[in-house]
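J.:
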Amino acid sequence: MSFRVCSLQDLTPGEGLRIDSVSPPIAVFMTEEGEIHALDDTCTHQDASLAAGWVEDCRVECPLHESTFSLRTGAVDQPPAKRGVRVHEVEVDGDDVLVELSQDAPNLPPGVTV
1 MSFRVCSLQD
11 LTPGEGLRID
21 SVSPPIAVFM
31 TEEGEIHALD
41 DTCTHQDASL
51 AAGWVEDCRV
61 ECPLHESTFS
71 LRTGAVDQPP
81 AKRGVRVHEV
91 EVDGDDVLVE
101 LSQDAPNLPP
111 GVTV
């Protein structure tokens, strides 16, 4: 079941928005091309918010140790992270951004629990 996480006006191209109303938190991103993506907000290497990272070429770079994650698949392609993050389905309904959370178990960094 999807739920409203924000409006399109809450998003800035090339930046992330952390959503704390779910556990673990998720991050919603708008690419420079206007695509909307949602994934778990916590880097799988260490407890860092991906919403605070840099977005380029449909990837987000963790602000702590520079691992990068695909906004489309959640796959990691640059160490030190070794595991990807969950991706969540996004739907835009008018001005509302709706997200359906993945039912997969989250990949959290050592020491972080839900």
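The letter at position 43 of the sequence shown is residue 43 when you use the UniProt record's numbering, and the numbering goes up by one with no holes.
C-beta: ideal position from N, C-alpha, C; glycine also.
Rounded to whole angstroms, how far is the Cβ of residue 95 from the Cβ of residue 7, which I believe are closer than 8 Å?
T.: Residue 95 to residue 7, Cβ: 5 Å. Contact.
J.: Between which two residues does the beta strand (DSSP E) holding residue 7 run?
T.: Residue 7 -> beta strand (DSSP E) spans 3-7.
J.: Taking only three categories from DSSP, how would you classify residue 10?
T.: Looking at residue 10 - three-state DSSP - the assignment turns out to be helix.
J.: Quick one: Cα of residue 30 to Cα of residue 14, how far?
T.: Cα to Cα, residue 30 sits roughly 6 Å from residue 14.
J.: Give me the Cβ distance between residue 36 and residue 90, rounded to the nearest whole Å; I'm assuming they're in contact under 8 Å.
T.: About 5 Å; that satisfies the 8 Å criterion.
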